[in-house]
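The numbers in UniProt numbering rise by one with no breaks, and the one at position 36 of the sequence shown is 36.
Remarks on the structure that follows.
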Amino acid sequence: MQDTVTRLRIWQQNLNKSLDAQGYLINTAREDLYDIVALQEPYMAWNKLTRAHSRWVVLYPAGHHDSKERVRSVMLVSAKLSTIAWYQVSSKCPDMTVVSMKTADGARIHLFNLYVDGNHDRTLH
């Protein structure tokens, strides 16, 4: 396991709520090729959970189970990255997930995964 991040490989995809697109992505985005998968409009099942392999840690916005709004931003973090190297930054906005990562030189970087709806700008406030 990596305790720090020396390189960062990210796959970003809007899945348009499609189960087929999510299934394809799950079987294509291998954790040996990517460290982070940033999803917008992921497929969400009836239990308000998305689909992913056990090789990924799924990050949801805070309170997503209690919210009436549909989650439109999810991040998958490779299970190969030690939890010492990263932590989730809490966000109550259903359109934003954030992760903080520790680099090899001790610095921190914050990665924001945003879904910005063209009808309003609430994610930006």
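C-beta atoms are modelled at their ideal positions from N, C-alpha and C, and glycine is treated no differently.
Could you check whether residue j and residue i sit closer than 8 Å to each other, using their CB atoms as the reference points?
i: Ile10; j: Ala52; result: no
i: Leu76; j: Ile109; result: no
In the structure shown, what three-state DSSP assignment does residue i receive?
i: Leu19; result: helix
i: Asp14; result: Reading off the sequence shown, one finds Asn at residue 14, where the question assumed Asp. Of the three classes helix, strand and coil, the one that applies to Asn14 here is strand, per DSSP.
i: Ile26; result: helix
i: Met44; result: coil
i: Arg108; result: strand
For residue i, count neighbouring C-beta atoms within 10 Å of its own C-beta (all shown protein chains included) and say buried if the count is 16 or more, exposed if not.
i: Ser100; result: exposed
i: Gln12; result: exposed
i: Leu8; result: exposed
i: Lys48; result: exposed
i: Trp46; result: exposed
i: Glu41; result: buried
i: Thr97; result: buried
Round the Cβ separation of residue i and residue j to the nearest angstrom and send it over; I've been treating them as touching at under 8 Å.
i: Ser78; j: Pro61; result: 20 Å between Cβ atoms; not a contact.
i: Leu19; j: Tyr43; result: 5 Å
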